[in-house]
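Residue numbers (our numbering): 5 to 272. C-beta atoms are modelled at their ideal positions from N, C-alpha and C, and glycine is treated no differently. Since this is a predicted model, take the numbers as computed values, not measurements. Have a look at the structure below before the remarks.
Structure follows, in C-alpha cells:
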C-alpha cells in the first residue's frame, strides 16, 4: 500500500472531521481572546471578624479601644484590586463628583486602610483621608494601572459585614469596578522537585498531554466488551463525563483570580 492510499484511508475516518471542527473552534476562541482589548478594573475580597461577630457586638463587660475610642467589634477585610483588562486605566478618568472609594457596611466605621502590596510604586496608588460625613468610606486614587497592575489593601473596621465594596465612577467604565467575589485562600506552594523523573512527571501530567493521550486511546484503544447493553454503557460514560465536568468547573471556580504578582503568604 502506497502512502497516498494510506493517506486517503486516514482522511476517510469519521472522527477526523469532528476533530478538525473542534480544533478550529478552539483556535477561533483563542484568537478572539488573544486579540481583544478591554478596559476593566476588578477586585476580590476576603474578610474575618477579629473581635466580636456578625450578629452580636462585644459584651458590655469587655471594652476594646482604637485610638481611645470604644469599638463594638473589629473586622478585617482584605481587598485585591487590579487592572483585569488589556487597556491602561488612568487615574485622571476618575470622576471628581463620584470618586473611587472603599466602602464597608452602613453599621460600621473604617478605622484604618493600608496598602499591603503594590505591583509597582510608580502607579502611585494612594488612600485619601476619610470623609467626616461618611465614616464607612475611604477614597483612593492612582496615576495609572497597566494590565495586571494593582494593590492589596487591608481595611480594619467595625462593620458586621466582612465584604468590602468599591464604588465610584470612572470614564470608560460605565459598569464600574467589577466585583469578582470572594477569593479562596490558595494552598501553600510545595517545593518543586528537580531531576529527569520530576521533569517527565510534570510533562506527562500536563492537561494537554493527558487530553491527547485520552483522545488517541479512545480512537485506537481496545473497545470494552462490557456492559453489553448500549444504554447502560452510554449511562456509565455520561456519568463519568458529568463527574469530570463538575471537577473542571470546581477547579476553575476555585482558581486564584488575581495576578501572581499580588500574592502574599499571609493570604494562604
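Anticipated Cβ contact below 8 Å, residue i with residue j, distance rounded
i: residue 169; j: residue 48; result: Going by Cβ atoms, the distance from residue 169 to residue 48 rounds to 12 Å, so no, they are not a contact pair.
i: residue 162; j: residue 106; result: That pair is no contact at about 14 Å.
i: residue 132; j: residue 93; result: Contact doesn't hold; Cβ gap of about 18 Å is too wide.
i: residue 120; j: residue 157; result: 7 Å
i: residue 96; j: residue 265; result: Not quite, the Cβ-Cβ distance comes to about 24 Å (not below 8 Å), so this is no contact.
i: residue 85; j: residue 154; result: 5 Å
Endpoints, the beta strand (DSSP E) within which residue i is located
i: residue 182; result: 182 to 186
i: residue 47; result: 46 to 55
i: residue 67; result: Here residue 67 belongs to no beta strand (DSSP E), and DSSP marks it neither H nor E.
i: residue 74; result: 73 to 75
i: residue 174; result: First-last for residue 174: undefined, no H or E at that position.
i: residue 161; result: 154 to 161
i: residue 85; result: 78 to 86
Cβ-based burial, residue i [other Cβ within 10 Å; buried from 16]
i: residue 144; result: buried
i: residue 65; result: exposed
i: residue 77; result: buried
i: residue 79; result: buried
i: residue 88; result: buried
i: residue 126; result: exposed
i: residue 268; result: exposed
i: residue 113; result: buried
i: residue 140; result: buried
i: residue 99; result: exposed
i: residue 75; result: buried
Inter-residue Cα distance where the pair is residue i and residue j
i: residue 172; j: residue 147; result: 16 Å
i: residue 182; j: residue 72; result: 36 Å
i: residue 261; j: residue 123; result: 16 Å
i: residue 187; j: residue 50; result: 6 Å
i: residue 110; j: residue 63; result: 21 Å
i: residue 81; j: residue 263; result: 19 Å
i: residue 270; j: residue 55; result: 19 Å
i: residue 134; j: residue 117; result: 9 Å
i: residue 57; j: residue 43; result: 38 Å
i: residue 176; j: residue 167; result: 26 Å
i: residue 165; j: residue 178; result: 26 Å
i: residue 83; j: residue 160; result: 11 Å
i: residue 174; j: residue 30; result: 34 Å
i: residue 130; j: residue 67; result: 32 Å
i: residue 90; j: residue 142; result: 27 Å
To test your reading of the DSSP string, which unbroken alpha helix (DSSP H) runs of 4 or more residues are found completely within the region 101 to 140? Here no run is fully enclosed.
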